[in-house]
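Below is one structure, written out as structure tokens; the observations come after it.
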Amino acid sequence: MLQAIAGTNPHEAQSTLGSIGIPAIAIFVMLFIAQCYLSWKFARFRLYMLLFTGLTLVYPYGRAIVKFCQLQTAHHLITESTNFFRAYAPGTVGDTVYLVSLIMNDENIAATPHQNADSMVTNKVPGRVKNIIVVVGESDLADRHTIYGYKKQNTTPNIQNLVDHDRICVVKDAHSSADMTRYAVPMIFSFYDADHQDKLYSEKNLIELAKDNNYKTFWIASQDGRGQYSRPFGYLSEFSNYVTRQDYNNKENHVDWHDESLLPVIKEKFADQSEYKFFVIHIIGSHVNYSDDVTQEDIDALPKADAYDQSVHRTDRILNQIINMADTELKDYTLLYTSDHAEIVGVGHAIQYGGYTQYRIPVFLLDESKKYCQMVENIRNNDGYYTEVMDKFLLLDMLGYDVNPAAIEETKVQDRILHSDGKTYDYKNIPTEKDRK
Ligand SMILES: [Zn+2]
Numbered sequence: 082m083l084q085a086i087a088g089t090n091p092h093e094a095q096s097t098l099g100s101i102g103i104p105a106i107a108i109f110v111m112l113f114i115a116q117c118y119l120s121w122k123f124a125r126f127r128l129y130m131l132l133f134t135g136l137t138l139v140y141p142y143g144r145a146i147v148k149f150c151q152l153q154t155a156h157h158l159i160t161e162s163t164n165f166f167r168a169y170a171p172g173t174v175g176d177t178v179y180l181v182s183l184i185m186n187d188e189n190i191a192a193t194p195h196q197n198a199d200s201m202v203t204n205k206v207p208g209r210v211k212n213i214i215v216v217v218g219e220s221d222l223a224d225r226h227t228i229y230g231y232k233k234q235n236t237t238p239n240i241q242n243l244v245d246h247d248r249i250c251v252v253k254d255a256h257s258s259a260d261m262t263r264y265a266v267p268m269i270f271s272f273y274d275a276d277h278q279d280k281l282y283s284e285k286n287l288i289e290l291a292k293d294n295n296y297k298t299f300w301i302a303s304q305d306g307r308g309q310y311s312r313p314f315g316y317l318s319e320f321s322n323y324v325t326r327q328d329y330n331n332k333e334n335h336v337d338w339h340d341e342s343l344l345p346v347i348k349e350k351f352a353d354q355s356e357y358k359f360f361v362i363h364i365i366g367s368h369v370n371y372s373d374d375v376t377q378e379d380i381d382a383l384p385k386a387d388a389y390d391q392s393v394h395r396t397d398r399i400l401n402q403i404i405n406m407a408d409t410e411l412k413d414y415t416l417l418y419t420s421d422h423a424e425i426v427g428v429g430h431a432i433q434y435g436g437y438t439q440y441r442i443p444v445f446l447l448d449e450s451k452k453y454c455q456m457v458e459n460i461r462n463n464d465g466y467y468t469e470v471m472d473k474f475l476l477l478d479m480l481g482y483d484v485n486p487a488a489i490e491e492t493k494v495q496d497r498i499l500h501s502d503g504k505t506y507d508y509k510n511i512p513t514e515k516d517r518k
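The numbering of the sequence shown is this note's numbering, which starts it at 82 and goes up by one.
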């Protein structure tokens, strides 16, 4: 919750606060003021009490400070380092230190080109797919999609229609490799994963590799890209030939946090004359507050549905509009849709004991060749899941890069995820409700 409020842009912070409820916040603030008042009025200063309580803090704070210094020396990541205060000395001081570092953070690492590609990339041929579109959804849960068997509401009529006409293949049993945006999105577009967190900043990402193989690259986003929460994907976006986001290069085209605002830009950029084009479209999708993510059209279409289902319906409609424009302007293209992570509807994501629901993402491909629908099945993890870290293998192939088959086999053996506590887990052992002490 702290991250969702302090580590994001003002709109999302407001939206998240709104989802907690104003009365709850008001009661919390009043209790805090009352406590301060009573302490000031009745508490007496006693030196031995101060010394005694101070002594009990030496170990947890000492540990937090040592950990903080270690990480700070190695990586200079202030917020990741202050996270140790929250972990080892939770409570008012630990959480406040963390919160302040989130708000003050201005580590907007510049998008400086890299020299080296990952060693798993072996060979380059001309691009195999002329136009590649990747739409990255937000907080989208597969269980709420008609295309995944959800019966209560018809949330995805347009995509279902394309499935029925054999234009789209749905990837069953897919899961994300993280439960928050800032970890998940880099796993799609770079060699960064749970066990290789340095690779986002030390190697060429897929945007750079696309450019190296003569693609013109576009990043069109209703999400932002600066500040602690958003920088990992904002950083990636700025390698593109053309970037527009809710907080970047949006003066003329009026891109903001409404996904609809992207459509005119997408139409214009689909008409670009370059032969090879790579598009990333990063949408707000179903981020809390869900009722911000729906239009009257979705409410009219699903009047009895909750706001979350209506937001899935809205994303379905936007995807259909993107596909219609691609059919007209691009003709020859392949589209991958994946959510960054899923959502526990009504609760959120990045929840420590939230379990598997926040990982079950929808993934599908519009792939006339069927090559990539088949490839998905071939590169599934040995545990049967299609995982987010596999997206890069699909995309690298589309871009005309050969990958060492041994590297893919290696990725299949382990199913590793980066959880919101910053720790790495095997997917079968992620923290769930029963791990809560
Ligand atoms: Zn997200």
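Heads up, the beta-carbon is just placed ideally off N, CA and C, and yes, glycines get one too.
| Asked | Found |
| --- | --- |
| Less than 7 Å between the CB of E71 and some heavy atom of ligand 1, yes or no? | Residue 71 lies beyond the residue range present for the chain, which begins at 82 and ends at 518; the question has no answer from this structure. |
| Would you mind working out which of Q241, M111, Q151 and T193 sits nearest P443, comparing C-alpha positions? | Q241 |
| Tell me whether R338 sits in a helix, a strand or coil according to DSSP, three-state version. | A small correction: the amino acid at residue 338 is Trp; Arg does not occupy that position in the sequence shown. DSSP places W338 in coil when its eight states are reduced to three. |
| Would you kindly check if the distance between the Cβ of R312 and the Cβ of I190 is under 8 Å? | yes |
| So who's on the other strand from D274, going by DSSP bridges? | H277 |
| Opposite W300 in the DSSP bridges: which residues? | V324 and V361 |
| Is D421 near ligand 1, in the sense that its beta carbon is under 7 Å from a heavy atom of that ligand? | yes |
| Less than 8 Å separating the beta-carbons of N322 and F299? | yes |
| Judging by CA-CA distance, which residue of S258, T236, I228 and A259 is the nearest neighbour of V244? | I228 |
| Indicate, with yes or no, if ligand 1 has a heavy atom lying under 7 Å from the CB of T513. | no |
| Run through DSSP, which three-state label would F113 get? | helix |
| I need the boundaries of the beta strand (DSSP E) containing I249, first residue and last residue. | I249 to V251 |
| Check whether the Cβ atoms of I404 and L343 lie closer than 8 Å to each other. | no |
| One question on the structure: do V484 and M185 come within less than 8 Å of each other, judged by their Cβ atoms? | no |
| Select from F360, E319 and D305 the residue whose C-alpha is nearest the C-alpha of V336. | D305 |
| Taking just the CA atoms, how far does Q116 sit from V361? | 50 Å |
| Just the Cα atoms here: how many angstroms apart are P384 and N235? | 11 Å |
| Report whether the distance from the Cβ of M268 to the nearest heavy atom of ligand 1 is below 7 Å. | no |
| Expressed to the nearest angstrom, what Euclidean distance is found between the alpha-carbon atoms of H277 and T492? | 12 Å |
| Enumerated in chain order, which unbroken segments of the beta strand (DSSP E) with a length of 3 residues or greater are wholly contained in the region 411-487? | 415-420, 444-447 and 482-484 |
| Taking DSSP as the reference, what is the three-state secondary structure of A259? | strand |
| How about D529 and D507: do their beta carbons lie closer than 8 Å? | Here the chain comprises residues numbered 82 to 518, so residue 529 is not present and cannot be evaluated. |
| So which of Y414, L183, N286 and Y231 has the shortest CA-CA distance to A386? | Y231 |
| Please determine, among L416, Q354 and H368, the residue with the shortest C-alpha to C-alpha distance to S450. | L416 |
| Measure how close the beta-carbons of D340 and I399 come, nearest whole angstrom, since I'm counting them as under 8 Å. | 5 Å |
| Excluding the 5 residues preceding and the 5 following K297 in the sequence, name in chain order all residues of the same chain whose CB lies nearer than 6 Å to its CB. | N322, S355 and K358 |
| Find the nearest neighbour of E410 within the set P345, Y371 and L287, judged by alpha-carbon distance. | P345 |
| If I'm right that S220 touches E424 with Cβ under 8 Å, what's the distance once you round it to whole angstroms? | 4 Å |
| Can you look up Y506 in the DSSP assignment and give me helix, strand or coil? | strand |
| So, is Q309 buried or exposed, given that buried needs 16 or more other C-beta atoms within 10 angstroms? | buried |
| On the criterion of 16 or more Cβ atoms from any shown chain inside 10 Å, does V217 qualify as buried, or is it exposed? | buried |
| How is the beta strand (DSSP E) around L499 delimited, first residue to last? | R497 to L499 |
| Considering only the beta carbon of each residue, do D421 and A265 sit closer than 8 Å? | yes |
| Going by DSSP, what residue range makes up the alpha helix (DSSP H) through R215? | It should be pointed out that residue 215 corresponds to Val in this sequence rather than to Arg. First-last for V215: N212 to G218, but that is the beta strand (DSSP E), not the alpha helix (DSSP H). |
| For V206, count the other beta carbons within 10 Å of its own beta carbon; 16 or more makes it buried, fewer makes it exposed. Which is it? | exposed |
| Please determine, among Y140, N401 and T325, the residue with the shortest C-alpha to C-alpha distance to R248. | N401 |
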